[in-house]
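Before any comments, here is the structure.
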Amino acid sequence: MKILAVNAGSSSLKFTLIELPSKNTIASGLFEKIGIGNSMYTIKFNGEKITKEVDLKDHAVAVEVLMQELVDMHIIASLDEIEGIGHRIVHGGQEFKESIILTEDVLRRIEKYNELAPLHNPANIMGVRAFMQVLPHVTNVGVFDTAFHSTMEPKEYLYAVPYEWYQELGVRKYGFHGTSHRYIYKTISEALGRDDLKVINCHIGNGGSITAIDSGKVVDTTMGFTPLAGIMMGTRSGDIDASLIEYVMKKTGKSITEVTNDLNKKSGLLGISGVSSDSRDVEEAINEGNERAILAQEMYCQKIANYIAMYNNLLGGADVITLTAGVGENSKTTRKNIIEKIASLGVKIDDVKNDMRGEFSCISSDDSAIPVYVVPTNEELMIALDTLELINNK
Ligand code: AMP
């Protein structure tokens, strides 16, 4: 069975075609600059990558081109082979606690939460409608970034602000990266043969969030009402004192939108190092002795370590710590730095085991109080598995 996992942005469309139950990725690709001119796409298949420039006036045209290419490149013999399409949808509000088969009625319900994720949800939904238009007989499934976090309790998800803000405005912690956190929990619990694990999962890529999970249920997570909160990220500040926004506005004459933009796009590793949001560039600058890059890396790792220690307390002692996403899977330097900063928990790194990239493996020493694993994430596979499950239960 072939399932397409889709992540639609306002001018982009990312796809992965996955074979189930083998879990093999058959093909993947990205359509870019849809509707804004100079559009192009790349498709990877059989170890080869094609890139083409073509006018894509909207997402439906991109989907039509994709379908044509899948057949022309002999990736599939006919469109009938695609049995389901799973869509990443960023925000399901408080209503969508698990993945769901998408209909026009469900899409309208999801649209109620567009205000909570104005940059993502409308684009995600536009992607779904494009597929519905081009492949009207195929089942579409929505998989929400927020859903896995819906098990949090009020004492974790409420902010200490006027209660009416929660009741009337929906102001609360929602959490994000839920599909990745859920995939990592599933992978580590299958690998260790336990479904009662207390896991601290650190999803650290360009964006980043840490989640405390107990027996498959999220207890707390670092991202909040939006993905700006929590740990320091590539370009996002993570937690700040909300009062600094008004102060910076008054001092600089910037609007609230400009300051919020600075917090989202000019902060984090980029803001402190002044070099880059990419940890590879920051590491290079560190090797050249760049003081601000050294400071940025120290702050980045310390904030992650602080949350790990806090979540270890919240869970009453974690069984395992997992690291995933671009930085967690690839940067042995950052992993080592984080683990050294949680030495007080008795966690110890094994430098030999840590000397690898992108593999599922244990990187802590045998006498570490809590084992640490690197677990490569695969949100697309999680989306495909949810899609298959809902199709099978239809
Ligand atoms: P993601 O958002 O999960 O795709 O992660 C992207 C980030 O992973 C990039 O911005 C880099 O900072 C980081 N990254 C990827 N490869 C490496 C590497 N080899 N060493 C250090 N960081 C890496």
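Residue numbers (the working numbering): 473 to 866.
Note that the Cβ used here is the ideal one computed from N, Cα and C, for glycine as well.
Check your understanding: With distances taken from CA atoms, which of T659, R666 and G706 is nearest G680?
Key -> Taking the sequence shown and counting its residues from 1, the one referred to as residue 680 is at position 208. Among T659, R666 and G706, the Cα nearest to that of G680 belongs to G706.
Check your understanding: Among K726, S739, M721 and G688, which one has its Cα closest to the Cα of R708?
Key -> Here residue 708 corresponds to residue number 236 of the sequence shown, with the count starting at 1. For the residues K726, S739, M721 and G688, the minimum Cα distance to R708 belongs to S739.
Review point. Which residues in the same chain as D742 place their Cβ atom closer than 7 Å to its Cβ, once the five residues preceding and following it in sequence are excluded?
Key: For the purposes of this step, residue 742 is identified with residue 270 of the sequence shown, where counting begins at 1. The residue you asked about is not Asp; residue 742 is Leu in the sequence shown. So the list reads G706, T707, S748 and S749, once near-sequence residues are dropped.
Review point. Do three or more CB pairs link the stretch 783 to 794 to the stretch 826 to 846 at distances below 8 Å?
Key: yes
Check your understanding: Per DSSP, what kind of secondary structure is H675 in: helix, strand or coil?
Key -> Indexing the sequence shown from 1 puts residue 675 at position 203. Three-state DSSP puts H675 in a strand.
**Study point:** the ligand AMP site residues, beta-carbon cut 5 Å against heavy atoms
**Key:** G677, N678, D750, S751, R752, A797, G798, V799, N802 and S803
Review point. To which residues of the same chain is N784 closer than 7 Å at the C-beta, ignoring the five residues directly before and after it?
Key: For this step, residue 784 is matched to residue 312 along the sequence shown. So the list reads I672, A790 and L817, once near-sequence residues are dropped.
Exercise for review: Since I believe L735 is in contact with I703 (beta carbons under 8 Å), could you give me their beta-carbon distance rounded to a whole number of angstroms?
Suggested key: The residue labelled residue 703 in the question sits at position 231 within the sequence shown. The residue labelled residue 735 in the question sits at position 263 within the sequence shown. The pair is not a contact, with the Cβ atoms about 14 Å apart (cut-off 8 Å).
Exercise for review: Give the straight-line distance between the Cα atoms of T523 and M545, rounded to the nearest whole angstrom.
Suggested key: Position 51 of the sequence shown, counted from the first residue, corresponds to residue 523. Position 73 of the sequence shown, counted from the first residue, corresponds to residue 545. Near 13 Å, if we compare the C-alpha coordinates of M545 and T523.
**Study point:** Buried versus exposed, by CB contacts within 10 Å (16 or more), Y513
**Key:** On the sequence shown, position 41 is the one that residue 513 refers to. Classification of Y513: buried, given that the 10 Å Cβ count is 16 or more.
Review point. For I597, which option in L607, N612 and A777 has the closest C-alpha, if you only look at C-alpha atoms?
Key: Taking the sequence shown and counting its residues from 1, the one referred to as residue 597 is at position 125. Of the listed residues, the one whose Cα sits closest to I597 is N612.
Review point. Is the beta carbon of I810 sitting closer than 7 Å to the one on A777?
Key: Here residue 810 refers to the residue found at position 338 of the sequence shown. Here residue 777 refers to the residue found at position 305 of the sequence shown. Yes. Within cutoff.
Review point. What residues match up with T794 in a beta bridge as DSSP calls it?
Key: On the sequence shown, position 322 is the one that residue 794 refers to. In DSSP, T794 forms a bridge with N673 and Y845.
**Study point:** Boundaries (first-last residue) of the alpha helix (DSSP H) holding L485
**Key:** Indexing the sequence shown from 1 puts residue 485 at position 13. From DSSP, L485 is part of no alpha helix (DSSP H) but of the beta strand (DSSP E) over L485 to E491.
**Study point:** Start-end ranges of the alpha helix (DSSP H) lying completely within the stretch 528 to 604, minimum 4 residues
**Key:** 531 to 544 and 576 to 583
Check your understanding: Assuming E504 contacts S494 under a Cβ cut-off of 8 Å, what Cβ separation, rounded to an integer in Å, is found between them?
Key -> Translated into positions along the sequence shown, residue 504 becomes position 32. Translated into positions along the sequence shown, residue 494 becomes position 22. Their Cβ separation, rounded to whole angstroms, is 29 Å, which puts E504 and S494 out of contact at 8 Å.
Check your understanding: Whose C-beta lies closer than 6 Å to the C-beta of L502 among residues of the same chain, with five residues either side of it excluded?
Key -> Locating residue 502 in the sequence shown gives position 30, where the first residue counts as 1. Hits under 6 Å: K486 and T514.
**Study point:** DSSP-derived helix/strand/coil call for M771
**Key:** Here residue 771 refers to the residue found at position 299 of the sequence shown. In this structure, M771 counts as helix in the three-state DSSP scheme.
Point to revise | Straight-line Cα distance separating A684 from E730 | key: Along the sequence shown, read from residue 1 onward, the residue named residue 730 stands at position 258. Along the sequence shown, read from residue 1 onward, the residue named residue 684 stands at position 212. One C-alpha to the other measures close to 33 Å.
Exercise for review: Check whether the stretch 749 to 765 touches the stretch 795 to 810, counting contact only when three or more Cβ pairs, one atom from each stretch, lie closer than 8 Å.
Suggested key: yes
Check your understanding: Under the rule that 16 or more other beta-carbon atoms within 10 Å means buried, what is K645, buried or exposed?
Key -> Stepping through the sequence shown from its first residue, residue 645 is reached at position 173. So K645 counts as buried.
Review point. Do the stretch 582 to 592 and the stretch 626 to 640 touch if we need at least three Cβ pairs shorter than 8 Å?
Key: no
Review point. With 16 as the cutoff for other CB atoms within 10 Å, does H609 come out buried or exposed?
Key: Here residue 609 refers to the residue found at position 137 of the sequence shown. It is exposed - the Cβ of H609 has fewer than 16 other Cβ atoms within 10 Å.
Review point. What are the residues that DSSP puts in a beta bridge with L862?
Key: Here residue 862 is taken as the residue at index 390 of the sequence shown, counted from 1. For L862, which the question treats as bridged, DSSP gives no partner whatsoever.
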